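With my numbering applied, the sequence shown covers 2 to 103.
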Amino acid sequence: MVANKAGRLSSAFSDALSIAHDILKSDCTKGNFLYNRFKSVCVSYQGISLPIYRTPTNDTSLYDSLDSEIIKNYLKLTLASLIFNIMKDERLLWSTRLRTLR
Numbered sequence: 002m003v004a005n006k007a008g009r010l011s012s013a014f015s016d017a018l019s020i021a022h023d024i025l026k027s028d029c030t031k032g033n034f035l036y037n038r039f040k041s042v043c044v045s046y047q048g049i050s051l052p053i054y055r056t057p058t059n060d061t062s063l064y065d066s067l068d069s070e071i072i073k074n075y076l077k078l079t080l081a082s083l084i085f086n087i088m089k090d091e092r093l094l095w096s097t098r099l100r101t102l103r
């Protein structure tokens, strides 16, 4: 799955949630988010690669009443919040690029 030219328009959390839903629904077993993180006002970027987790990375045996539906919803929410933060970062990069071109 590829998202080109992300950040041109403002994003809503519902956009990130639908992307997270599509990722978790897909058959892929692993993947990474590749994006540019804004570093400074001097138009400096840093390439970032974040892994996509399809199973919890922490020990869930500590909790008594975790069923598969709760874990699935937790993964979807954390993935959506990660995607939303990436989308907000890309929006910041896009607006910075526009200001420097003027």
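In this text, a Cβ means the ideal position worked out from N, Cα and C, and glycines have one as well. Small disclaimer: the values here were computed from a predicted structure and weren't measured.
Cβ atoms of residue j and residue i: under 8 Å apart, would you say?
{"i": "Phe85", "j": "Ser27", "result": "no"}
{"i": "Asp90", "j": "Arg38", "result": "yes"}
{"i": "Lys77", "j": "Ala21", "result": "yes"}
{"i": "Ile24", "j": "Ile71", "result": "no"}
{"i": "Leu83", "j": "Leu51", "result": "yes"}
My output table needs one value for residue i: the three-state DSSP class, helix, strand or coil.
{"i": "Arg38", "result": "strand"}
{"i": "Ser50", "result": "strand"}
{"i": "Ser69", "result": "helix"}
Hey, quick one: how far does the alpha helix (DSSP H) through residue i stretch, first residue to last?
{"i": "Asp28", "result": "Taken as a continuous stretch (DSSP letters only), Asp28 belongs to no alpha helix (DSSP H), as it is neither H nor E."}
Roughly how far, in whole angstroms, is the beta-carbon of residue i from the beta-carbon of residue j, given that I think they are within contact range, below 8 Å?
{"i": "Tyr46", "j": "Leu94", "result": "7 Å"}
{"i": "Ile87", "j": "Phe14", "result": "Between Phe14 and Ile87 the Cβ distance is about 12 Å, and since that is not below 8 Å, they are no contact."}
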